[in-house]
Amino acid sequence: MSDLSKDWAKPIERENLSDRAYTTIRNALMRGQLAPGERLRLRPLSQRFGISLTPMREALLRLVFERVMAFDERGTVYVPSLSLEQLLEIRSIRMDLEGKTAAAAAKRITPAELQDLEDIQSGISDCHARKSYADAVHLNTEFHLALCRAGRLPITYDLVENLWVRCGPILSHLYDAGVPSDWQPHPHERIIEALKTGDADAAEAGIRFDIEMGGQGLLEHVSKND
1 MSDLSKDWAK PIERENLSDR AYTTIRNALM RGQLAPGERL RLRPLSQRFG ISLTPMREAL
61 LRLVFERVMA FDERGTVYVP SLSLEQLLEI RSIRMDLEGK TAAAAAKRIT PAELQDLEDI
121 QSGISDCHAR KSYADAVHLN TEFHLALCRA GRLPITYDLV ENLWVRCGPI LSHLYDAGVP
181 SDWQPHPHER IIEALKTGDA DAAEAGIRFD IEMGGQGLLE HVSKND
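One point on numbering: in the UniProt record's numbering, the residue at position 53 of the sequence shown is 53, and numbering is uninterrupted.
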């Protein structure tokens, strides 16, 4: 029985290494820490992670299979660029899905989750005041995903998260046009107020407006480079 237990333990440990590498890279993509065109070379990356080549290769192949990364002509994994058509499609789907989760959150959010959203938005406002846009990008991602989790729609959440992984590498351009001067109050603050009053329609309208109008910097960047 002990030998059988050891046999079972080996593949589980190796799988966990691959899973952890996969999750780390995926989160980096989602939060804009990896840029379009950036190459992830197998050996240097496995050394940075402190794991062998096999689990590192498995993690990268998994991301390629999910079409969030690709192979170049030499077989090196790299971060692909989004076309304008792809970005517009992602934006449209996000508006529908995140609108649905925001409406659900208006009826299901807990006081602790609401406080978390307020804290995140306070951090975003502080980043805007300091023009610390890289930190604002990270917090913006956290706000959207936290709002989705509060909707208690796990399948929809997974779909939304996958879309964020696809568009994450261009998020560094979110503030290319600066902070819109007419955002008083910020769309996130309107969403928070809708959540406080349980207004599902207002919460959905707020997140749809935020996605459509807040991503103008991304659209302009992709349009210039498409």
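Don't be surprised by glycine CBs; every beta carbon is placed ideally from N, CA and C.
Please report the residue range of the alpha helix (DSSP H) in which residue i lies.
i: I170; result: Where I170 is concerned, there is no enclosing alpha helix (DSSP H), given that its DSSP letter is neither H nor E.
i: R41; result: Note, R41: premise wrong, no alpha helix (DSSP H); not H, not E.
i: M95; result: L84 to R108
i: Q115; result: P111 to R130
i: P55; result: L53 to F65
i: H188; result: P187 to T197
i: L34; result: From DSSP, L34 is part of no alpha helix (DSSP H); its letter is neither H nor E.
i: L147; result: Y133 to A150
Let me know the secondary structure DSSP gives residue i once reduced to three states.
i: V77; result: strand
i: S5; result: Because S5 carries a pLDDT of 46, less than 50, the predicted location of this residue cannot be relied on, and the following value inherits that uncertainty. It is helical.
i: L218; result: helix
Would you grab the beta carbon distance between residue i and residue j for me? Rounded to a whole angstrom, and I think it's under 8 Å.
i: A129; j: A200; result: That pair is no contact at about 31 Å.
i: L84; j: V222; result: 5 Å
i: A35; j: V77; result: Not quite, the Cβ-Cβ distance comes to about 14 Å (not below 8 Å), so this is no contact.
i: S81; j: G37; result: 7 Å
i: M30; j: T141; result: 6 Å
If you compare alpha carbons, which of the options is closest to residue i?
i: D210; options: F71, E98 and V165; result: E98
i: D135; options: Y22, Q33, D19 and I25; result: Q33
i: G198; options: E85, A102, L88 and R94; result: A102
i: I120; options: A203, F71, R108 and A146; result: A146
i: M213; options: N225, M95 and R166; result: M95
i: L17; options: R31, R57 and R39; result: R57
i: A194; options: Y175, L114, R26 and P55; result: L114
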